[in-house]
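Here the sequence shown is numbered in the working numbering, starting from 76 and rising by one per residue. Written out below as structure tokens is the structure these notes cover.
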Amino acid sequence: MNYSEELSIRLYQIRLNSHRMVKLGVLRSQETGVRRRKNYKDEGSYDD
């Protein structure tokens, strides 16, 4: 395998991993956002 092939494969894997991380991050932030909103309603406090 030559260098440029290896590099492109590595870049592709990095792109896949970062996409997966972004997906997980978005899901996690949506969950915490919903949870935070519920807490706001319960406590009546809007401090971050």
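Each residue gets a CB set at the ideal place from its N, CA and C atoms; glycine is no exception. Bear in mind the structure is a predicted one, so any value in this text is a computation, not a measurement.
Secondary structure of residue i, DSSP reduced to three states
i          : result
residue 96 : helix
residue 77 : coil
Close beta carbons around residue i, own chain, < 6 Å, minus the five adjacent residues each side
i           : result
residue 106 : none
Own chain, CB closer than 7 Å to residue i, minus 5 neighbours either side, in chain order
i           : result
residue 112 : none
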